[in-house]
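Numbering (my numbering), first residue to last: 1 to 124. Have a look at the structure below before the remarks.
This is the structure we're talking about:
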């Protein structure tokens, strides 16, 4: 299979093109996904975009704020602390360094993170 993939890529003119440096280095910084929920739950402020405002209002029933931290209730009502940015990287490093290291599958990693009581970007 690797040989087939290498053969396909070798014959594809698009795969042989070099990216423009500006295109290759482009990084779009998105805001913290938790902020709209914190704004709404703490100050009743909604995003100016009508679609986003309705989404935050609807989904905010699953969230609560404690000591300035955003939590989401899991299906069994256990609190999951919402994380983003550098916290996600730290948690992933900790989970990967445990038993079986990086050899575990994605579903097992997800379960371990939930067991820690954490929730990364919820997929908006």
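Glycine included, each C-beta is placed from N, C-alpha and C at the ideal position. Just so you know, these numbers come straight off a predicted model, no measurement behind them.
Under the three-state DSSP convention, the category residue i falls into
i	result
residue 54	helix
residue 34	coil
residue 69	strand
residue 80	strand
residue 100	Reliability fails at residue 100, whose pLDDT of 49 lies under 50, so the model's placement of it is uncertain and the value that follows must be treated cautiously. The answer is coil: DSSP assigns residue 100 none of H, G, I, E or B.
Residue environment, residue i, which counts as buried when at least 16 other CB atoms sit within 10 Å
i	result
residue 80	buried
Straight-line Cα distance separating residue j from residue i
i	j	result
residue 49	residue 41	17 Å
residue 94	residue 35	25 Å
residue 112	residue 92	10 Å
residue 78	residue 66	14 Å
residue 64	residue 76	15 Å
residue 56	residue 90	27 Å
residue 97	residue 62	31 Å
residue 114	residue 108	10 Å
Beta-carbon proximity check, residue i vs residue j, cutoff 8 Å
i	j	result
residue 74	residue 37	no
residue 84	residue 52	no
Open item on the list: Three Cβ pairs or more, each shorter than 8 Å: is that satisfied between the region 45-54 and the region 62-76?
Closed with: The region 45-54, when compared against the region 62-76, does not touch it at the 8 Å Cβ threshold.
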